[in-house]
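Q:
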Amino acid sequence: MSSFRKKKDRAATIMLWLVMALTCGMLALILAFLISKGWSALSWEFLTKKPRSMMTAGGISTPIVGTLQLVLVAMGFSFPVGVFTAVYLVEYARDDWFTRSLRLAVRSLAGVPSVVFGLFGLSFFVILLKFGPSLLSAGLTLGCLALPVIVGASESALLAVPRDYRDASYALGATQWQTIRKVVLPAAFPSIITGAILSVGRVAGETAPIIFTGAAFFAPRFAKSIFDQVMALPYHVLILATAGTNIEKTRPIQYGTVLVLLFFVLGMTLTGVLWRARLRIRQRAQR
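In the working numbering, the protein residues as written are 1 to 287.
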C-alpha cells in the first residue's frame, strides 16, 4: 500500500510539473511572438512622442499617460472603498442575512463581464451624474471593476490577523477603531497590497468599460482635467487593429503598443510585489 501511494504521489508530482511546464511554455511563446513583432517599433521617440499622421506614425505617449491616469483614478477610488468595506465586514458586521447578502453580492460582482461595468458606467456616471465621457467616468467605472478583487483580498488579509493581536490591544485600553488602525491594518497591509496588485493589472488592460465612458479615438494632448477624455493603451490597440486608416502600416505600432502595455503591467506588478516584500521584512524586524 505504501508503495502504491508513493507511485500515486510521484505521478501527481510529474503531472503538476508537466502542467507548469506547459503553462510556462505557452507564456514564453506568446512573449516571443509579441517581442518578435513589436520590438522593431520600440524607441525613445515611440515612447515620448504623440501619435500623428492619423496614428500611422509618431509614438504613444498620450495613451501611456492616459492609462496611468486611469489607473490612478480607479485605484484612488477602489482601494480605500474596498479596504473600508472589508474592515466593516470583518470587524463590525454581524453574521446575519444582510452581511451574507453583501458578501454574496461582492463575490458575484467579481464574475460580471467587464462590458456590463461599461454599460453601468455609461448609465450612472456619464448620464445620471452628468460627468460626461471623461477621465473621471472611465476611472470610476474601472474602480467599480476592481472593487470586488480588493474587497476579497482585504477581507482574507484581515481574517488572517491573529485574534491575540486584537485581545492584546484591548487589554491595553485601546478602542476598537484604535486597534484596527494601529494593529490590525498594519499587520494585514502586505496581504492587502496583493489585491491592489491584481486590480492594477486588470484595470490597466481593460477595454470594454472605457469605450463607453471616456476613451478617446484620438486626443491631441494629455488630459489636464478629470472631465477631459483620454487615450488608453488597450483602446489604442483596438483602434489600430480594427479602425485604422492603414492597418498594415500600423501593424508594428500595434505590437509595440501591446509590448508597452505588457511591460507597464509587469512593472507596476513588480513594484507592488517588492513593496509588499519590504513591508513584510519590516514587520518581522519590528517583532
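Positions of the beta carbon are idealized from the N, C-alpha and C atoms, including for glycine. Owing to the predicted nature of the structure, the values given are computational and were not obtained by experimental measurement.
To the nearest angstrom, how far is it from the Cα of K37 to the Cα of L261?
A: As a working note, residue 37 is residue 37 in the sequence shown. As a working note, residue 261 is residue 261 in the sequence shown. About 14 Å.
Q: In chain order, which continuous runs of the alpha helix (DSSP H) of length 4 or greater are located wholly inside the segment 137 to 225?
A: Counting whole runs of 4 or more residues, the segment 137 to 225 contains the alpha helix (DSSP H) stretches 163 to 171, 176 to 179, 185 to 205 and 208 to 211.
Q: Can L136 and V90 be called in contact, C-beta distance under 8 Å?
A: On the sequence shown, position 136 is the one that residue 136 refers to. On the sequence shown, position 90 is the one that residue 90 refers to. Not closer than 8 Å, so no.
Q: Between the C-alpha atoms of I60 and R221, what's the straight-line distance to the nearest angstrom?
A: Numbered from 1 along the sequence shown, position 60 holds the residue referred to as residue 60. Numbered from 1 along the sequence shown, position 221 holds the residue referred to as residue 221. Rounded to the nearest angstrom, the two C-alpha atoms are 11 Å apart.
Q: From the DSSP output, which residues share a beta bridge with V230?
A: The residue given as residue 230 occupies position 230 in the sequence shown. For V230, which the question treats as bridged, DSSP gives the partners A215.
Q: Could you tell me which of P252, T271 and G267 sits nearest to T56, measuring between CA atoms?
A: Translated into positions along the sequence shown, residue 56 becomes position 56. Ranking the options by Cα distance to T56, first place goes to P252.
Q: Check whether the Cβ atoms of P209 and G152 lie closer than 8 Å to each other.
A: Residue mapping note: residue 209 aligns to position 209 of the sequence shown, counting from 1. Residue mapping note: residue 152 aligns to position 152 of the sequence shown, counting from 1. No, they are not a contact pair.
Q: Can you list, in chain order, the residues of its chain with a C-beta nearer than 8 Å to that of W275? Leave out the 5 residues immediately preceding and following it.
A: Residue mapping note: residue 275 aligns to position 275 of the sequence shown, counting from 1. For W275, where only same-chain residues beyond five positions count, the Cβ hits under 8 Å are I193.
Q: Which residues bound the alpha helix (DSSP H) around P80?
A: Start at 1 with the first residue of the sequence shown, and residue 80 comes out as number 80. Residues S61 to V87.
Q: Look at the alpha carbon of L140 and the alpha carbon of L29, and state the distance between them as a whole number of angstroms.
A: As a working mapping, residue 140 is identified with position 140 in the sequence shown. As a working mapping, residue 29 is identified with position 29 in the sequence shown. Straight-line Cα distance between these residues: approximately 35 Å.
Q: L302 to S156, Cα distance in whole Å?
A: Residue 302 lies beyond the residue range present for the chain, which begins at 1 and ends at 287; the question has no answer from this structure.
Q: Using only the alpha-carbon positions, how far apart do Y165 and D95 sit?
A: Residue mapping note: residue 165 aligns to position 165 of the sequence shown, counting from 1. Residue mapping note: residue 95 aligns to position 95 of the sequence shown, counting from 1. Going by the C-alpha atoms only, they are around 22 Å apart.
Q: So what's G38 in DSSP terms, helix, strand or just coil?
A: In the sequence shown, counting from the first residue as 1, residue 38 sits at position 38. G38 falls in the helix class under three-state DSSP.
Q: So, is A74 buried or exposed, given that buried needs 16 or more other C-beta atoms within 10 angstroms?
A: The residue given as residue 74 occupies position 74 in the sequence shown. Looking at its Cβ environment, which holds 16 or more other Cβ atoms inside 10 Å, A74 is buried.
Q: Residue range of the alpha helix (DSSP H) that T48 falls in?
A: The residue given as residue 48 occupies position 48 in the sequence shown. Element bounds for T48: W44 to T48.
Q: Does DSSP put P51 in a helix, in a strand, or in coil?
A: Residue mapping note: residue 51 aligns to position 51 of the sequence shown, counting from 1. Strand at P51.
Q: Going by CA-CA distance only, name the one from S154, L122 and V71 that's closest to R103.
A: Position 103 of the sequence shown, counted from the first residue, corresponds to residue 103. It is S154 whose Cα lies nearest to the Cα of R103.
Q: Below 8 Å on the Cβ atoms is my contact criterion, and I expect F79 with I14 to pass it. Report the Cβ-Cβ distance as a whole number of Å.
A: Residue mapping note: residue 79 aligns to position 79 of the sequence shown, counting from 1. Residue mapping note: residue 14 aligns to position 14 of the sequence shown, counting from 1. About 41 Å separates the two Cβ atoms, so there is no contact after all.
Q: Please look up how many angstroms separate the CB atoms of L70 and V237, rounded, as I've assumed it's under 8 Å.
A: Residue 70 sits at position 70 when you count from the first residue of the sequence shown. Residue 237 sits at position 237 when you count from the first residue of the sequence shown. Not confirmed; about 15 Å, so no contact.
Q: Which residues in the same chain as V106 place their Cβ atom closer than 6 Å to its Cβ, once the five residues preceding and following it in sequence are excluded?
A: Within the sequence shown, the letter at position 106 stands for residue 106. Result list for V106: P148 and V151, in chain order.
Q: Is the beta carbon of L270 sitting closer than 8 Å to the one on L42?
A: What you label residue 270 is simply residue 270 of the sequence shown in a count that begins at 1. What you label residue 42 is simply residue 42 of the sequence shown in a count that begins at 1. No.
Q: Leaving out the 5 sequence neighbours to the left and right, which residues in its chain are closer than 7 Å to S114 when beta-carbon positions are compared?
A: As a first step, residue 114 is located in the sequence shown; it is residue number 114 there, counting from the start. Here the set comprises L145, E206, A208 and P209.
Q: Considering F120, what are the terminal residues of the alpha helix (DSSP H) in which it resides?
A: To locate residue 120, count along the sequence shown from 1; it is residue 120. Counting along the chain, the alpha helix (DSSP H) containing F120 begins and ends at S114 to G121.
Q: Counting C-beta neighbours from all protein chains within 10 Å, is the total for Q254 16 or more, i.e. buried, or is it exposed?
A: One-based indexing of the sequence shown puts residue 254 at position 254. When all chains shown are included, Q254 counts as buried.
Q: Does the Cβ of A171 have 16 or more other Cβ atoms within 10 Å, making it buried, or fewer, making it exposed?
A: By one-based count along the sequence shown, residue 171 stands at place 171. Burial call: exposed.
Q: Out of G66, A11, P162 and A32, point me to the one whose CA is closest to F227's CA.
A: In the sequence shown, residue 227 corresponds to position 227, counting from 1. If we check each option's Cα against that of F227, G66 comes out closest.
Q: Throw me the rounded Cβ distance for the L279 and P190 pair, which I believe falls under 8 Å.
A: The residue given as residue 279 occupies position 279 in the sequence shown. The residue given as residue 190 occupies position 190 in the sequence shown. Indeed they touch by this definition, with Cβ atoms about 4 Å apart.
Q: Alpha carbon to alpha carbon, what distance is there between W44 and S108?
A: Locating residue 108 in the sequence shown gives position 108, counting from the first residue. Locating residue 44 in the sequence shown gives position 44, counting from the first residue. Their Cα atoms are separated by approximately 43 Å.
Q: Using three-state DSSP, classify G132 as helix, strand or coil.
A: As a first step, residue 132 is located in the sequence shown; it is residue number 132 there, counting from the start. Coil.
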